[in-house]
Amino acid sequence: MKASKGCSFEPQQGVGKGLGADFLFIVCLGIAVAFASSCFAEGLSASRNEIPGIRHEFQTSNLKINLQTKDAIDVSSLLKNIDDNDSIESAQAKVDEARMKLYPKKEIVMEVEKVDPGVQICSYVNLYKSISWWNVENQYNYYWSAVYYSTPAVLFLRVKKGQYDLYRYINGSWAFLKRAKSGSTTGATIYGSPASLGFKGIGKTDYNKADIIMYFYN
């Protein structure tokens, strides 16, 4: 998975000349903290080491596909029907169809992203990234989350066992959305101007299991 983007702050030489050293340190520290907060948590993450660790990468002329699994599987059987004509949606659908036939109970994470997302100067939004996490398992109070620069961001969740408290993220702030219970299928959409947007689910019983799909647009 992509690591969280790092942030750095280095005051320029000569800036604040004549100010007290303590005052300058406080100003610089405050700016650094504020800047770091805006970069917080970008990417896909989970409690401890709950993201499957076997990584597979595949690329077409317009898509980058990353698969992660807990167990060794024949990844080629999931990807064999994907070609240069596929969109994010069609690539995701093909992998899901093959997964349901071959590995319906395996935990698999798939990220599909456009090689060149581009900038859309138009009245509609453009899907540039999808995340599918099938059969994710979480203990009590363990979480999964994803945050990316987007407008809008969309979540679909099917809870197979247990319960999840769902949260939405907008530019540094998490807010509670709803509790999703076993057997339910739910969704959420965050609208707004381009910003860091995302979702988080926290398991609320001893054993929680779900399928997750998230879409991010530019």
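Mapping of the sequence shown onto this note's numbering: residues 566 to 783, in sequence order.
Backbone N, C-alpha and C fix where the C-beta goes; we use that ideal spot for every residue, glycine too.
None of these values were measured; they are calculated from a predicted model.
Per DSSP, residue i is paired with what?
i, result
"MET675", "LEU632 and SER697"
"MET779", "ILE696 and LEU720"
"GLY752", "PHE721"
"ASP784", "The structure shown does not extend to residue 784, since the chain is modelled only from 566 to 783, so the question has no answer here."
"ILE653", "Answer is none; ILE653 lacks a bridge partner."
"ASN736", "DSSP, once it has assigned bridges, lists no residue as partnering ASN736."
Please go through the same chain and pick out, in chain order, the residues whose beta-carbon is closer than 7 angstroms to the beta-carbon of residue i, but skip the five residues on each side of it.
i, result
"SER642", "ALA663 and LEU667"
"ALA656", "LEU628, ILE630, ILE647 and VAL677"
"VAL640", "HIS621 and LEU632"
"THR625", "ILE647, ASP648, ASP649 and ASP651"
Please return the same chain residues whose Cβ sits closer than 6 angstroms to the Cβ of residue i, not counting the five positions on each side in sequence.
i, result
"ASN703", "GLY768 and ASN773"
"THR750", "ARG723"
"GLY766", "TRP709, TYR729 and LEU731"
"PRO759", "THR716"
"TYR734", "VAL712 and GLY763"
"VAL512", "Since the first residue shown for the chain is 566 and the last is 783, residue 512 is missing from the structure and cannot be characterised."
What does a CB cutoff of less than 8 angstroms around residue i pick up in its chain, not counting 5 residues either side in sequence?
i, result
"ARG744", "GLN728, TYR729, ASP730, LEU731 and LYS769"
Is residue j closer than 7 angstroms to residue i when the C-beta atoms are compared?
i, j, result
"SER695", "TYR780", "yes"
"TYR705", "ASP771", "yes"
Assuming residue i and residue j form a contact by the criterion Cβ under 8 angstroms, report the distance between their Cβ atoms to the nearest whole angstrom.
i, j, result
"LYS670", "ASN700", "6 angstroms"
"SER710", "PHE764", "7 angstroms"
Would residue i pass as an interface residue toward chain D - the criterion being a Cβ-Cβ separation below 7 angstroms?
i, result
"ASP636", "As a matter of chain content, chain D is missing from the structure shown, which is built from one protein chain."
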